[in-house]
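Numbering (this note's numbering) for the sequence shown: 1 to 503.
Glycine included, C-beta positions come from ideal geometry on N, C-alpha and C.
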Amino acid sequence: MASLLWNLVLLNSTLASPVLAPPDAVCASYLESYLTTRETTCPATDTAPVFNARYRSTIEIVWSCLTIIFASTWICVHPNVAGYSTTMWQRLWKRLKLFALAIFAPEFLAVFAFYQWKGCRELYQNEGFKNQFELLKPPSAASAEIVPVTGGEEDNGVDPEKQGLTGRAPTSKSSWLARVFARVHAFGAAKDGVWTLTHAHFVQMGGIAFKNPDNHDEIGFYQPESWTDEHIKSFIALRLSEATISDRSKASALAKTLVVMQVLWFVVQTVARALEGLTITHLEVVCLAFTLFNIGMYVCWWDKPLDVECPLEVEGWPGGDHPPEMDWFWTLMGGLDNLPVGRWTYSPKTRLYPSLYCYHASHNRDSFLDKYFSDNSGGALGGAFTLALAFTSATFGALHAIGWSLPSPSHAEHMLWRISCLVLMCYPPVPLVILPFGVLLNDHAPDWVTYVYLISTVFISFCGAVAYVGARFILLVLPFLELRNLPPLAHKAVSWSNFLPHI
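Rendered as structure tokens:
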């Protein structure tokens, strides 16, 4: 009996707690995947995802640099008027050509911007325009500019009997704070009836087209250096104020200021990376070089209206046919003043205004610069243009040398960058040595020595020009090839808290 009861107890315990068999392979894999999923998903519900705010991807680097280059270059370029009755495609084609010139030869466009700034100042100081604008002023305005010198009681126009007990006239002198606010309020105000730099830029860029009074179908442009008094009077008769000309511009001073601030912010970021010891990519070095040149062009073109599409018509006789006269042989030899900058290359058949024209007063052919840095054909801007273009090109190469010690994916690419920078810095000053030495040999050496020097100069200039173009191409391609293998510090963003004063 006791044994029977014991067997019933064992049977009851077995039914109450069944024995689990070892799981098979399918159950084991399912259980492992389930537990793994639980381990990985459960913490995600408890904590928020973490983002690395100090990391910048490769696409972010490329997008930032290309955006800065495109925005600053496209808005920076202030073209001349395309021509009279031009189509949208003609204007776009001229703008694209200048944009391509700003990308592939920014040093060339920078010199053009400088000479337009210089030509604008020369045109602003032209006595013919100043005198005609002075005639527009009414007599009241002219007399208002004359400030009488206060002497005694008779000059101030105050009755002595009304001066009070002190015997002094009540003064209406405003406080220094009121004078400061008055100057701030008057700053940037449009000047009516005054010959300004904006007027000079408008004339220089082709803003005025002349209509033949005898034949109104004959409309065209006339070289500003050759404007007669009749041309000036026809232009003055329009009574254009500075505000009227600025209204034709497609960009205000505020828009230009915002672009300059955006470009300067990129410069600040690049300098901050260098101070913090972070790697700067070669693409950012190229962008920095373009940025600094674009800022210089912005300064030269600040008063120039942007994208004026249609010139104003006035009565006058348009200019004749002036085909371009450029000697590419002497240009290749170093006579850079033969390039089309500053030249009046206008044809009345097409009525297209010269894209690279800038006003310039006649220069002295016997000057030192024209004697040693200009060839016999005589460029439009003289030897000063050769000197300016050589200096600007060498400066552009020196800016690329900022990346001299930056890491590269391979040693060959590192050496290519250095050699290209040396070519950009060393080849532009070659004309400054070739031309003066050639002038000295022509005056004092035998003819055969001059001939040998001429042949060797042609060979050196040709090889140097090919090397210069190749170096420019290499410096545009290498930064993009480097992006395939950037160092880790190149992806690290700047920690601006390190530059802020804190306790």
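Span separating the alpha-carbon of residue i from that of residue j
i	j	result
residue 110	residue 55	36 Å
residue 277	residue 477	25 Å
residue 313	residue 220	9 Å
residue 208	residue 125	19 Å
residue 249	residue 304	8 Å
residue 200	residue 123	6 Å
residue 214	residue 315	10 Å
residue 454	residue 439	11 Å
residue 442	residue 450	6 Å
residue 318	residue 131	23 Å
residue 225	residue 469	35 Å
residue 344	residue 266	38 Å
residue 444	residue 465	29 Å
residue 107	residue 386	12 Å
residue 412	residue 448	43 Å
residue 269	residue 128	48 Å
residue 353	residue 206	7 Å
residue 501	residue 493	19 Å
residue 347	residue 222	10 Å
residue 485	residue 409	6 Å
residue 113	residue 253	18 Å
residue 133	residue 80	24 Å
residue 287	residue 407	17 Å
Residues near residue i by beta carbon distance below 6 Å, same chain, minus five either side
i	result
residue 432	390
residue 351	83, 84, 220
residue 285	402, 403
residue 489	278, 279
residue 105	none
residue 307	250
residue 75	259
residue 196	242
residue 218	212
residue 4	Bear in mind that a pLDDT of 44 at residue 4, under 50, signals an unreliable position, so the number given afterwards is only what the model happens to contain. Nothing listed; no residue qualifies.
DSSP-derived helix/strand/coil call for residue i
i	result
residue 312	strand
residue 280	coil
residue 339	coil
residue 406	coil
residue 356	coil
residue 210	strand
residue 492	strand
residue 468	helix
residue 84	coil
residue 383	helix
residue 451	helix
residue 220	strand
residue 124	helix
residue 427	coil
residue 115	helix
residue 70	helix
Cβ-based neighbour list, residue i, same chain, cut-off 7 Å, excluding 5 preceding and 5 following
i	result
residue 119	204, 358, 359, 360
residue 91	82, 309
residue 506	The shown model of the chain, from 1 to 503, leaves out residue 506, and the question about it has no answer.
residue 429	390, 394
residue 499	272
residue 563	With the chain running from 1 to 503 in the structure shown, residue 563 is simply not present.
residue 392	107, 110, 111
Beta-carbon contacts of residue i that lie in its chain and below 8 Å, excluding the five residues immediately before and after
i	result
residue 77	95, 98, 99, 102, 109, 297
residue 274	280
residue 283	61, 62, 65, 479, 480, 482, 483
residue 271	none
residue 165	Residue placement at residue 165 is flagged as unreliable, the pLDDT there being 45, under the threshold of 50; a coordinate-derived value is accordingly withheld.
residue 419	471
residue 416	474, 478
Residue i at chain B interface by Cβ criterion, 8 Å
i	result
residue 456	Absent from the structure: chain B. Only one protein chain is present.
Open item on the list: Please give me, in chain order, every unbroken run of the alpha helix (DSSP H) with length at least 4 that falls completely inside the region 225-308.
Closed with: If we require 4 residues or more, the alpha helix (DSSP H) runs fully inside the region 225-308 come out as 229-236, 242-247, 253-276, 282-300.
Open item on the list: With three or more C-beta pairs closer than 8 Å as the rule, is the region 419-438 touching the region 447-461?
Closed with: yes
Task: contact_flag[the region 385-401, the region 422-429] where n(CB pairs < 8 Å) is 3 or more - done: With a cut-off of 8 Å, the region 422-429 and the region 385-401 count as touching, because enough Cβ pairs lie within range.
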